[in-house]
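**Student:** Attaching a single structure in structure tokens format; questions to follow.
2 protein chains.
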Amino acid sequence: MKFTVCAAKPEDCKDIERMIRELGVYEKMPDQVTISHKELERDGFGPDAFYQCLVAEVPEEHKSKDGHTKVGYALFFYTYSTWKGRALYMEDLYVMPEYRGKGIGKALMATVAKVGKEKQCVRLQFAVLDWNKPSLDFYLAKGAEDLTVNEGWHFFRFQGEALDNLVQEAP
Amino acid sequence: MKFTVCAAKPEDCKDIERMIRELGVYEKMPDQVTISHKELERDGFGPDAFYQCLVAEVPEEHKSKDGHTKVGYALFFYTYSTWKGRALYMEDLYVMPEYRGKGIGKALMATVAKVGKEKQCVRLQFAVLDWNKPSLDFYLAKGAEDLTVNEGWHFFRFQGEALDNLVQEAP
Chain P
15 MKFTVCAAKP
25 EDCKDIERMI
35 RELGVYEKMP
45 DQVTISHKEL
55 ERDGFGPDAF
65 YQCLVAEVPE
75 EHKSKDGHTK
85 VGYALFFYTY
95 STWKGRALYM
105 EDLYVMPEYR
115 GKGIGKALMA
125 TVAKVGKEKQ
135 CVRLQFAVLD
145 WNKPSLDFYL
155 AKGAEDLTVN
165 EGWHFFRFQG
175 EALDNLVQEA
185 P
Chain R
15 MKFTVCAAKP
25 EDCKDIERMI
35 RELGVYEKMP
45 DQVTISHKEL
55 ERDGFGPDAF
65 YQCLVAEVPE
75 EHKSKDGHTK
85 VGYALFFYTY
95 STWKGRALYM
105 EDLYVMPEYR
115 GKGIGKALMA
125 TVAKVGKEKQ
135 CVRLQFAVLD
145 WNKPSLDFYL
155 AKGAEDLTVN
165 EGWHFFRFQG
175 EALDNLVQEA
185 P
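Just so you know, the sequences run in chain order P and R.
When we follow the numbering used here, the leftmost residue of the first sequence carries the number 15, and every step to the right adds one.
When we follow the numbering used here, the leftmost residue of the second sequence carries the number 15, and every step to the right adds one.
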């Protein structure tokens with residue numbers, strides 16, 4: 015099946031929001047998704063953008079049963095390793111179920127890597143849920159390393175009241 | 015002990031590189047540190063900066079046994095949650111051993127949180143090694159959540175040959 019991978023435009027944000035919600039359901043945490051396409055529009059474009067996004071699109075004749083032609087996305091941003099320098103973090107990689115197995119996910123991820131390479135990024139990092147075997151297999155087969163298993167890194171987060179309390183302690 | 019927390023300046027990068035190397039030794043992976051102060055100077059300043067950094071400094075009369083007055087740092091950058099929006103990631107938080115237990119680490123972390131709050135960031139994330147009990151205890155006591163334990167998130171990374179191979183697959 016033919017498809018294209020392009021940088022997201024502000025008008026893609028409704029489709030991106032829809033797919034973020036689909037991914038939230040797949041990851042069994044749909045209630046955690048509170049973002050809106052308006053926030054995505056505000057935060058992803060212009061000189062102070064917080065993220066970059068790629069969208070995969072299929073031709074009209076291959077639209078989904080619900081009428082969508084935007085069928086996948088990869089959302090990422092630049093990060094920094096104090097050991098190695100410039101890096102990328104891929105927050106989300108998603109392809110709608112009926113379009114899987116056609117190389118769309120691989121094309122999105124490879125394009126993220128290519129964008130990073132052009133900026134001399136030496137790492138591409140992301141997070142995977144430990145029960146998500148299809149994703150684990152996909153990434154490991156491509157040569158990704160599980161740093162939680164191999165080095166013992168755990169993800170930590172402050173949010174809500176704990177984050178507010180922390181802010182209060184600033185000198 | 016009196017100390018200040020300020021945004022890093024380019025001339026602080028030699029001290030930051032020194033402390034990155036000290037942290038690498040503490041984390042038992044000193045060979046992984048290949049960054050230089052020149053890269054840190056190139057990547058941390060100006061409109062396209064890849065990171066931000068705070069430095070903790072003590073007065074000259076409290077300088078370290080090796081003559082240093084820059085005794086801690088926190089390096090961070092903006093990230094993005096597709097569920098919640100704007101977020102921060104703290105790549106490193108470090109205080110030299112002889113200055114621990116004086117509130118310097120807390121002040122650095124709280125200042126990172128405050129910088130994020132001013133940009134409406136709703137999350138502060140970071141990674142901790144599972145054997146690093148003093149750090150785990152410090153963060154958990156402040157209300158941080160271990161997402162690897164609670165939700166099953168694992169850190170993944172492409173780098174080196176695996177990353178190069180990925181770039182080759184871009185459409």
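Quick reminder that beta carbons are idealized off the backbone N, C-alpha and C, glycines included.
Please compile the residues from chain P whose C-beta is within a distance smaller than 7 Å of the C-beta of aspartate 144 of chain R.
**Tutor:** Result: Gly166 and His168.
**Student:** If contact means a Cβ-Cβ distance below 7 Å, which residues of the segment 127-153 of chain P contact chain R?
**Tutor:** Here the close residues are Ala127, Lys128, Lys131, Val136, Arg137, Leu138, Gln139, Phe140, Ala141, Val142, Leu143, Asp144, Trp145 and Tyr153.
**Student:** With distances taken between CB atoms, is the gap from phenylalanine 102 of chain R to tyrosine 92 of chain R smaller than 8 Å?
**Tutor:** A quick correction: the sequence has leucine, not phenylalanine, at residue 102 of chain R. Yes, the pair counts as a contact, with Cβ atoms nearer than the cut-off.
**Student:** Rounding to the nearest angstrom, what Cα-Cα distance links lysine 79 of chain P and methionine 15 of chain P in this structure?
**Tutor:** Cα-Cα distance, rounded: 16 Å.
**Student:** Suppose you measure from the CA of glutamate 41 of chain P to the CA of leucine 143 of chain P; what does that come to, to the nearest Å?
**Tutor:** Computed Cα separation, rounded: 8 Å.
**Student:** Since glutamine 182 of chain P is in the alpha helix (DSSP H), which residue starts that stretch and which ends it?
**Tutor:** Element bounds for glutamine 182 of chain P: 174-182.
**Student:** Closer than 8 Å is the cut-off here; do at least three beta carbon pairs connect the segment 56-72 of chain P with the segment 122-131 of chain P?
**Tutor:** The answer is yes - the segment 122-131 of chain P touches the segment 56-72 of chain P, with three or more Cβ pairs under 8 Å.
**Student:** Please state whether the Cβ-Cβ distance between leucine 161 of chain P and leucine 138 of chain R is less than 8 Å.
**Tutor:** No.
**Student:** Compare the C-beta of proline 24 of chain P against all C-beta atoms of chain R and say whether one is closer than 8 Å.
**Tutor:** So no, proline 24 of chain P is outside the interface.
**Student:** Would you call the segment 25-36 of chain R in contact with the segment 162-182 of chain R, where contact means no fewer than 3 C-beta pairs closer than 8 Å?
**Tutor:** With a cut-off of 8 Å, the segment 162-182 of chain R and the segment 25-36 of chain R do not count as touching, because too few Cβ pairs lie within range.
**Student:** Identify the contact partners of methionine 15 of chain R in chain P, using a Cβ-Cβ distance below 9 Å as the criterion.
**Tutor:** Going along chain P, no residue has its Cβ under 9 Å from methionine 15 of chain R, so there is no contact; the nearest lies around 13 Å.
**Student:** Kindly indicate the opening and closing residues of the beta strand (DSSP E) around cysteine 27 of chain P.
**Tutor:** Cysteine 27 of chain P -> not in any beta strand (DSSP E); alpha helix (DSSP H) instead, spanning 27-40.
**Student:** What do you get for glutamate 175 of chain P, buried or exposed, if any count of 16 or more other CB atoms within 10 angstroms of its CB means buried?
**Tutor:** Result: exposed.
**Student:** So, with DSSP's three-state summary, where would you put alanine 124 of chain R?
**Tutor:** Looking at alanine 124 of chain R - three-state DSSP - the assignment turns out to be helix.
**Student:** Would you please verify whether the beta carbon of glycine 38 of chain P is less than 8 Å from any beta carbon of chain R?
**Tutor:** Cβ-Cβ to chain R under 8 Å: yes for glycine 38 of chain P.
**Student:** Which residues in chain R have a C-beta closer than 7 Å to the C-beta of valine 47 of chain P? List them in chain order.
**Tutor:** Here the neighbours are Trp97.
**Student:** At 7 Å on the CB atoms, spell out the chain P contacts of valine 19 of chain R, in chain order.
**Tutor:** Pro185, listed in chain order.
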